[in-house]
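**Q** For the sequence shown, counting from 1, position 258 maps to 258 in our numbering; every step adds exactly one.
No residue lacks a Cβ here, since even glycine has one placed at the ideal position from N, Cα and C.
What you are looking at is a predicted structure, and each value in this text was computed from that prediction instead of being measured.
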Amino acid sequence: MSPNISKNGSQQNAISNLATKHKSFNILCVYFLLSFFLCAGIASQTISLKAAFQDSVFSGIFITLTWLSYSAVYLIPAILITSLVWLIARLFTRQQILVTYSASVISAGLTSLLLYANYKIFSLYGTYINGFIINLVITPGGIDSLGGSMASSAGFAVIAVGFFAVQILLLWFAKLSYAKLNYAKLLCKKVSADTIQAQSIRFPFIKSLIVFLVVLISVHFTYAATEAFNKETVVSSANTIPFFQPVTSRHFFQKLGFSVKSTKQLQIKGNLNYPLAKLNVTPPTKPLNIIWLTAESWRADMLDAHVMPATWKFAESANRFTQNYSGGNGTRMGVFSMFTGLPGNYWFPFLSSQRGTALIDVMQQQNYQISIYTSALFTYPEFEKTLFSKLQKNQMQELQNMGTPGWERDRKNVADMLQFIDKRDKTKPFFTFMFFESPHARYYFPPESVIATPYNDDINYASLDKETLRRDIKGIKNRYINAVHHLDSQFERVFKYLDENNLRDNTVVILVGDHGEEFMEHGYWGHNSTFVDEQVRTPLVLWMPHQPAKVDDKLTSHMDIIPTLMPLLGVQNPASDYSLGFNLFGKELRPYTYISDWSRITYMNQETKITVPVSVQGFAGSSISGGHDETLNAAAIDKVTQQKSAITLQIFKDLQKFTKGKSK
């Protein structure tokens, strides 16, 4: 073979290989451009460009640029993964292009699927994927707590497969588009490799990258400037962008000579200091037993003579508080606030230090027999690491993993709880707590509990959207009503046991919901999304021996339960040493209360609700409504705004009260 022929053949092979690689690069560029449009389309479902432009043209332009730039940001992990796979594949396999294409489809598919999941969560519950959602996914028992069915799981699987199929189609379309443009013909010319490389990169990658970086930097600089000068319209609109990462620069603008108003950062910092002082306890000569019954999603208006006849009858002989508010719009913060007397935002330092409630401390010192029950799990939320961290495993019964509906688990737990009381040492007081799952979505119940028809046969989360919910919400709520009616039958078993065993004279009984449940009254279903009354108001019934029956309409909170119980246990300290609550039977009225979720806190009094994100400066991203969720007029909003400095300071003080110093 001629040396020239051999040389020409090698050159052609090198040029062909280089052309193939640069062809693949261009195809991937087009593919990620198409994926960008897909991500932008999904992200657009959770933002309102129209509302932003109605606020101001500036806000509209800002939110548009933020939306587009972040639609590209979402794909950065997929692009990096694809690039890394390409580098590794060239070293270990001859199928470099196939492996790289596969990596791009999988990574971009996961990105679009994540955005879609975020959209679904937002449309149904009004919140984005955040720390709470991540905690739900990674914590044992979290996914199970959602109550999904096999139909829901199958539906989600079909959706996931569909998204990856779409990504494959986008890659195919990118290859087809590239072929139509006939780039390969140019790359196969007999020119030097350097010339081929220079001419083959037709996709304007560098220019696109420069435009992207300029827009992204401009967006964040604009946010920093508007946040520093308290332009809350822009700040609030930015928070509608999924996974937006705020950047603040107040000190920077101060150094430039601008007058920037300083505000408090609403965040719990430092080590937990709870209680504030050593508890001074004089044990009572005749200690009272305590039965504490808490029901999932038990909203205030469900306690009536029709839905819960047995509980209503019991409440008529006890103290019923009609304006009671949970400490949270979800189980975590709701149960935490009732057992500690503190805002739910203190959950995080309690969890990090694995601190239990002072109530358990005092009862253990007085040799209470303690046995607690849940038809869910104590691992999610992490109550075994917080409220009940000082209890032994054999004192905590959880039935989430029985594989049976919540109402069946409730029945078994009630039977076991009554057996515990029956077999107790009668010379010692006892404490028992039970968490009921009957009213938990999907709201299961036995046939004999049906009082509301028609009702939906089941709830398929995978097929739910706003329109479906609006159409089916009556049938869904009827399921809930039937489930609550079953809850009443289980409460009744406890009431009958108390009467049959003459325990009313020496036993405190607490009936309370962890939070409420909304049925589209304000546009959402369930809980954990907003702080409207339907999601945060619960029944609170307290049977106290020798206390006259009363219906009390004053403002109360879950945080008031502990300050009511501790004096009964002989605690001499003022309630302010261990809580932010008030004795329910005291003369002092509660002027305001707090309701929390994972990242927000709501300050609420009879006239106003103000929701503020935690860990941000001042009132950025806050929302204001009437005390019972009324839309306020401009004059009322101005009045609240004038008070915001004092309110912010009060929130700051209350969120720092039970801490000391900063963690080293």
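In terms of alpha-carbon separation, which member of 301, 51, 118 lies closest to residue 513?
**A** Closest option to residue 513, Cα to Cα, is 301.
**Q** Grab me the residues of residue 279's own chain with a C-beta within less than 6 Å of its C-beta, minus the 5 sequence neighbours each way, in chain order.
**A** 571, 573.
**Q** Buried or exposed: residue 558, going by 16 or more other Cβ atoms within 10 Å of its Cβ?
**A** Flag for residue 558 reads buried.
**Q** List the whole-angstrom C-beta distance separating residue 375 from residue 406, where the pair is believed to meet the contact cut-off of C-beta under 8 Å.
**A** About 5 Å; that satisfies the 8 Å criterion.
**Q** So residue 451 and residue 485 are supposed to be a Cβ contact under 8 Å. How far apart are they, rounded?
**A** Indeed, because the Cβ distance is near 5 Å, the residues count as touching under 8 Å.
**Q** Say whether chain B places a C-beta atom closer than 8 Å to the C-beta of residue 380.
**A** Of the chains in the structure shown, none is chain B; there is only one protein chain.
**Q** From the DSSP output, which residues share a beta bridge with residue 373?
**A** Partner(s): 397, 434.
**Q** Is the distance from the Cβ of residue 488 to the Cβ of residue 311 below 8 Å?
**A** Cβ distance < 8 Å, so residue 488 and residue 311 count as in contact.
**Q** How many whole angstroms separate the CB atoms of residue 590 and residue 560, which I take to be in contact at a CB cut-off of 8 Å?
**A** Sure, about 7 Å apart at Cβ, within 8 Å.
**Q** Figure out for me which residue from 118, 86, 246 has the closest Cα to the Cα of residue 104.
**A** Cα-wise, what sits closest to residue 104 is 86.
**Q** Count the other CB atoms within 10 Å of the CB of residue 598; is the residue buried (16 or more) or exposed (fewer)?
**A** By the 10 Å Cβ count, residue 598 comes out buried.
**Q** Mind checking whether the beta-carbon of residue 84 lies closer than 7 Å to any heavy atom of the ligand PLP?
**A** Ligands in the displayed structure: none, and consequently the ligand PLP is not present.
**Q** Go ahead and pull the three-state DSSP assignment for residue 296.
**A** Coil, per DSSP.
**Q** Excluding the 5 residues flanking residue 68 on each side, which residues of the same chain have their C-beta closer than 8 Å to its C-beta?
**A** Closer than 8 Å at the Cβ level, and outside the excluded window around residue 68, lie 40, 215.
**Q** Please identify the residue among 586, 421, 122 whose C-alpha is closest to the C-alpha of residue 465.
**A** Checking every option, the nearest Cα to that of residue 465 belongs to 122.
**Q** In chain order, what residues of the same chain lie with their CB nearer than 6 Å to the CB of residue 511, ignoring the 5 residues before and after it?
**A** These residues qualify, in order along the chain: 293, 541.
**Q** Between residue 555 and residue 577, what straight-line distance do the alpha-carbon atoms span, to the nearest angstrom?
**A** Near 21 Å, if we compare the C-alpha coordinates of residue 577 and residue 555.
**Q** Is residue 611 closer than 8 Å to residue 531 when the C-beta atoms are compared?
**A** Taking 8 Å as the Cβ cut-off, residue 531 and residue 611 qualify as a contacting pair.
**Q** Rounded to a whole number of angstroms, what is the C-alpha to C-alpha distance between residue 472 and residue 48?
**A** Distance between the alpha carbons of residue 472 and residue 48: 26 Å.
**Q** Can you tell which of 506, 273, 502 has its C-alpha closest to the C-alpha of residue 353?
**A** Per the Cα distances, 273.
**Q** Is the beta carbon of residue 344 less than 8 Å from the beta carbon of residue 387?
**A** Their beta carbons are not under 8 Å apart, which means residue 344 does not touch residue 387 by this criterion.
**Q** On the three-state DSSP scale, how would you describe residue 544?
**A** Residue 544 falls in the coil class under three-state DSSP.
**Q** Name the residue from 108, 70, 536, 59 whose alpha carbon lies nearest to the alpha carbon of residue 83.
**A** Nearest of 108, 70, 536, 59 to residue 83, Cα basis: 108.
**Q** Kindly indicate the opening and closing residues of the beta strand (DSSP E) around residue 321.
**A** Residue 321 -> beta strand (DSSP E) spans 319–325.
**Q** Is it the case that the stretch 513–522 contacts the stretch 319–328, given that we only count it when at least three CB pairs across the two stretches are under 8 Å?
**A** With the cut-off at 8 Å, the stretch 319–328 and the stretch 513–522 touch.
**Q** Taking 6 Å as the limit between beta carbons, can you name the residues of its chain near residue 623, skipping five residues before and five after?
**A** Answer for residue 623: 611, listed in chain order.
**Q** Mind checking whether residue 42 and residue 115 have CB atoms under 8 Å apart?
**A** Yes, the pair counts as a contact, with Cβ atoms nearer than the cut-off.
**Q** Candidates 584, 563, 154, 223: which alpha carbon is nearest residue 66's?
**A** It is 223.
**Q** Could you check the C-alpha separation between residue 37 and residue 380 for me, to the nearest Å?
**A** Roughly 38 Å separates the two Cα atoms.
**Q** Could you tell me if residue 490 is buried or exposed, where buried requires 16 or more neighbouring beta carbons within 10 angstroms of its beta carbon?
**A** By the neighbour-count rule (16 or more Cβ atoms within 10 Å), residue 490 is buried.
**Q** Could you give the C-beta distance for residue 368 and residue 430, rounded to a whole number, given that I count them as a contact under 8 Å?
**A** The pair is a contact, with the Cβ atoms about 6 Å apart (cut-off 8 Å).
**Q** If you follow the alpha helix (DSSP H) that residue 332 is part of, which residue opens it and which one closes it?
**A** Taken as a continuous stretch (DSSP letters only), the alpha helix (DSSP H) holding residue 332 covers 331–340.
**Q** Beta-carbon within less than 8 Å of residue 160's beta-carbon, same chain only, minus the 5 sequence neighbours each way: which residues are those?
**A** Only 113 meet the Cβ criterion.
**Q** Using C-beta distances below 8 Å, list every residue in its chain close to residue 360, excluding the 5 sequence neighbours before and after it, in chain order.
**A** Closer than 8 Å at the Cβ level, and outside the excluded window around residue 360, lie 370, 387, 388, 390, 391.
**Q** Does residue 57 pass the burial test, meaning 16 or more other C-beta atoms within 10 Å, or should it be called exposed?
**A** Exposed.
**Q** Measuring alpha carbon to alpha carbon, tell me which residue in 347, 322, 324 is nearest residue 332.
**A** Nearest option by C-alpha distance: 347.
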